[in-house]
Amino acid sequence: MLRRISFNDEMAEPKFQMGYRLVTPGISGTSSPLWPTAPGRRVTDGTAVWESFDNRRPLQSIRLTFRFHDKTSDNMRQLSLVVPLTERTN
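Here the sequence shown is numbered in the numbering used here, starting from 1 and rising by one per residue.
1) Identify the continuous beta strand (DSSP E) that holds R41 and give its terminal residues.
2) Using the C-alpha atoms, what's the distance from N75 back to V43?
3) I need the boundaries of the beta strand (DSSP E) containing D54, first residue and last residue.
4) For R63, list the residues DSSP reports as bridge partners.
5) Using only the alpha-carbon positions, how far apart do P36 and S52 sit?
6) What residue does the beta strand (DSSP E) around T24 start on, and which one ends it?
7) In angstroms, rounded to a whole number, what distance separates the CA positions of R63 and P84?
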(Lines of atoms letter the chains of each structure in order from A and count residues from 1; the text may use other names and numbers.)
(Lines give C-alpha, C1' and ligand atoms only; values in the text may rest on other atoms or scores of the structure.)
Protein backbone atom coordinates (compact mmCIF):
# COMPACT_ATOMS: atom_id res chain seq x y z
CA MET A 1 0.00 0.00 0.00
CA LEU A 2 1.39 3.39 -0.96
CA ARG A 3 1.04 6.44 1.24
CA ARG A 4 1.25 9.97 -0.05
CA ILE A 5 3.45 12.27 1.98
CA SER A 6 2.81 15.95 1.84
CA PHE A 7 5.25 18.66 2.84
CA ASN A 8 2.99 19.49 5.78
CA ASP A 9 3.46 16.06 7.38
CA GLU A 10 5.62 16.16 10.45
CA MET A 11 8.70 13.99 10.41
CA ALA A 12 9.11 11.62 13.34
CA GLU A 13 11.99 12.29 15.69
CA PRO A 14 14.98 10.17 14.49
CA LYS A 15 15.65 7.23 16.77
CA PHE A 16 19.03 5.82 17.59
CA GLN A 17 20.85 8.98 16.52
CA MET A 18 22.60 9.07 19.91
CA GLY A 19 24.80 6.28 21.16
CA TYR A 20 26.25 5.93 24.65
CA ARG A 21 29.64 4.46 25.55
CA LEU A 22 30.80 3.51 29.02
CA VAL A 23 33.59 5.84 30.17
CA THR A 24 33.94 4.74 33.80
CA PRO A 25 32.71 1.27 34.80
CA GLY A 26 30.59 1.05 37.89
CA ILE A 27 27.28 -0.08 39.31
CA SER A 28 24.11 1.27 37.70
CA GLY A 29 21.62 3.18 39.81
CA THR A 30 18.17 1.97 40.72
CA SER A 31 16.45 4.23 38.17
CA SER A 32 17.38 5.18 34.63
CA PRO A 33 19.19 8.52 34.31
CA LEU A 34 18.11 11.35 32.02
CA TRP A 35 20.11 10.46 28.89
CA PRO A 36 21.65 13.43 27.03
CA THR A 37 20.43 14.23 23.53
CA ALA A 38 23.59 16.03 22.35
CA PRO A 39 26.94 14.38 21.59
CA GLY A 40 29.89 14.74 23.97
CA ARG A 41 27.82 14.97 27.16
CA ARG A 42 28.42 12.75 30.16
CA VAL A 43 25.84 11.25 32.49
CA THR A 44 26.35 9.41 35.77
CA ASP A 45 24.29 6.28 36.36
CA GLY A 46 24.98 5.15 39.93
CA THR A 47 28.77 4.94 39.90
CA ALA A 48 29.03 4.32 36.13
CA VAL A 49 29.73 7.24 33.78
CA TRP A 50 28.45 7.25 30.19
CA GLU A 51 29.30 9.58 27.31
CA SER A 52 26.94 10.32 24.40
CA PHE A 53 28.11 10.23 20.77
CA ASP A 54 26.52 10.80 17.38
CA ASN A 55 25.52 7.36 16.10
CA ARG A 56 24.41 8.41 12.60
CA ARG A 57 26.30 6.98 9.65
CA PRO A 58 25.96 7.87 5.98
CA LEU A 59 24.21 5.35 3.75
CA GLN A 60 26.47 3.47 1.35
CA SER A 61 23.66 1.90 -0.67
CA ILE A 62 19.93 1.28 -0.73
CA ARG A 63 17.94 -1.76 -1.84
CA LEU A 64 14.88 -1.23 -4.02
CA THR A 65 12.42 -4.12 -4.25
CA PHE A 66 9.64 -4.21 -6.83
CA ARG A 67 6.81 -6.72 -6.79
CA PHE A 68 4.64 -7.09 -9.84
CA HIS A 69 2.21 -9.43 -11.53
CA ASP A 70 3.67 -11.19 -14.57
CA LYS A 71 0.79 -11.51 -17.02
CA THR A 72 2.51 -14.15 -19.17
CA SER A 73 2.91 -16.64 -16.31
CA ASP A 74 0.12 -15.29 -14.06
CA ASN A 75 2.57 -15.23 -11.13
CA MET A 76 3.83 -12.60 -8.75
CA ARG A 77 7.46 -11.67 -9.43
CA GLN A 78 9.98 -9.74 -7.43
CA LEU A 79 12.97 -7.73 -8.59
CA SER A 80 15.56 -6.29 -6.18
CA LEU A 81 18.20 -3.73 -7.06
CA VAL A 82 21.04 -2.51 -4.87
CA VAL A 83 21.86 1.07 -5.75
CA PRO A 84 25.23 2.38 -4.52
CA LEU A 85 25.21 5.90 -3.10
CA THR A 86 28.98 6.33 -2.98
CA GLU A 87 31.58 6.61 -5.68
CA ARG A 88 34.45 4.20 -5.45
CA THR A 89 37.74 5.18 -6.99
CA ASN A 90 40.23 2.32 -7.07
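The beta carbon of each residue, even a glycine, is placed where N, CA and C say it ideally should be. Only a predicted model underlies this, so the values are computations on that prediction, with no experimental measurement involved.
To lay it out plainly:
1) Within the sequence shown, numbered from 1, the residue matching residue 41 stands at position 41. Neither: R41 is in no beta strand (DSSP E) and is coded neither H nor E.
2) Your numbering for residue 43 matches position 43 in the sequence shown. Your numbering for residue 75 matches position 75 in the sequence shown. Linking V43 to N75 through their CA atoms gives a straight-line distance of about 56 Å.
3) Residue 54 sits at position 54 when you count from the first residue of the sequence shown. Element bounds for D54: A48 to D54.
4) Counting from 1 along the sequence shown, the entry for residue 63 is found at position 63. Answer is V82, bridged to R63.
5) Translated into the one-based positions of the sequence shown, residue 36 becomes position 36. Translated into the one-based positions of the sequence shown, residue 52 becomes position 52. Within the model, the alpha-carbon separation for P36 versus S52 is close to 7 Å.
6) By one-based count along the sequence shown, residue 24 stands at place 24. Segment M18 to T24, the beta strand (DSSP E) holding T24.
7) On the sequence shown, position 63 is the one that residue 63 refers to. On the sequence shown, position 84 is the one that residue 84 refers to. Roughly 9 Å between the two C-alpha positions.
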